[in-house]
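Reviewing the structure listed below.
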Amino acid sequence: MRKLTAEDRRIWDFVTRSVTPLKPRHPAVEKAAPSSQSQARALKYAPVAVVAHRTTQSQPLHVGQLIDLDAATAKKFRKGRMPCDGRLDLHGLTLAQAHSALVHFIRSQSERGARSLLVITGKGATDPLAERPRGRIKAELTHWLNAAPLRQVILAVTEANPKQSQGGAVYVLLKRRDRVR
């Protein structure tokens, strides 16, 4: 980049005299002091706002696709030989309940530094005469894992060992806490 000449500087000063700075997009939020003890207690136990994770251009997760893992870790993970740090069974839950439980479970496990999780969805039966197909939780699981805020903390997903799940579960490998963006 070249330095400004005296003429360039004079023109720049003329132009910037008529410009007013933009207001900040996100003004600083000041916390007001609670006026009473009951208000202070209510604030202490108020629900915590969900902090949005920085979005990254991660590739979508596909069950069984272990791209970002070294060969030894991928083999251990795929065969179910990594120690399981947590287990979630979604049997008998509605879609909304299962989604909520999954988000809470994975976020809390990530916060505590867990790495390998077992999520049991159940196989779901395929009944051609049924109005709605069964196994809807299993069908939605990949979509849920690819959506924010879960995608930012998940490294890989693979089908669980049939001995553990009879085909109705997945292993979820979480990113290390220092690598979560």
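My numbering puts the first residue of the sequence shown at 1054, with every later residue one more than the last. We put the CB at the ideal spot given by N, CA and C, even for glycine.
Buried or exposed, going by whether 16 or more other CB atoms sit within 10 Å of the CB of residue i?
i, result
"Arg1239", "Given that the chain is displayed from residue 1054 to residue 1234, the structure contains no residue 1239 and the question cannot be resolved."
"His1152", "buried"
"Val1223", "buried"
"Ala1102", "In this prediction, Ala1102 scores a pLDDT of 47, lower than 50, which makes its location untrustworthy; no coordinate-derived value is stated."
"Glu1171", "Strictly speaking, residue 1171 in this sequence is Leu, with Glu absent from that position. So Leu1171 counts as buried."
"Thr1211", "buried"
"Phe1067", "exposed"
"Gly1221", "buried"
What first and last residue would you give for the beta strand (DSSP E) that runs through residue i?
i, result
"Val1210", "1207 to 1212"
"Arg1229", "Careful: Arg1229 lies outside any beta strand (DSSP E) and carries neither H nor E."
"Leu1143", "Here Leu1143 belongs to no beta strand (DSSP E), and DSSP marks it neither H nor E."
"Leu1171", "1169 to 1173"
Just the Cα atoms here: how many angstroms apart are residue i and residue j?
i, j, result
"Leu1226", "Lys1056", "52 Å"
"Gln1205", "Phe1158", "14 Å"
"Trp1197", "Arg1140", "17 Å"
"Leu1208", "Gly1133", "15 Å"
"Leu1194", "Ser1071", "55 Å"
"Pro1202", "Ala1149", "16 Å"
"Lys1129", "Met1135", "6 Å"
"Arg1107", "Asp1138", "With a pLDDT of 43 at Arg1107, under the threshold of 50, the predicted position of this residue should be treated as unreliable, though the coordinate-derived value follows. If I take the Cα positions, the gap works out to 26 Å."
"Arg1160", "Lys1228", "11 Å"
"Val1189", "Asn1199", "Here the sequence assigns Arg to residue 1189, which means Val is not the residue at that position. Computed Cα separation, rounded: 16 Å."
"Ile1064", "Thr1073", "17 Å"
"Lys1176", "Leu1155", "17 Å"
"Ala1124", "Ala1213", "18 Å"
Mind checking who residue i pairs with in its DSSP beta bridge?
i, result
"Ala1222", "Ile1173"
I think residue i touches residue j, with their Cβ atoms under 8 Å apart; what is that distance to the nearest whole Å?
i, j, result
"Ile1173", "Leu1143", "6 Å"
Between which two residues does the alpha helix (DSSP H) carrying residue i extend?
i, result
"Lys1191", "1189 to 1199"
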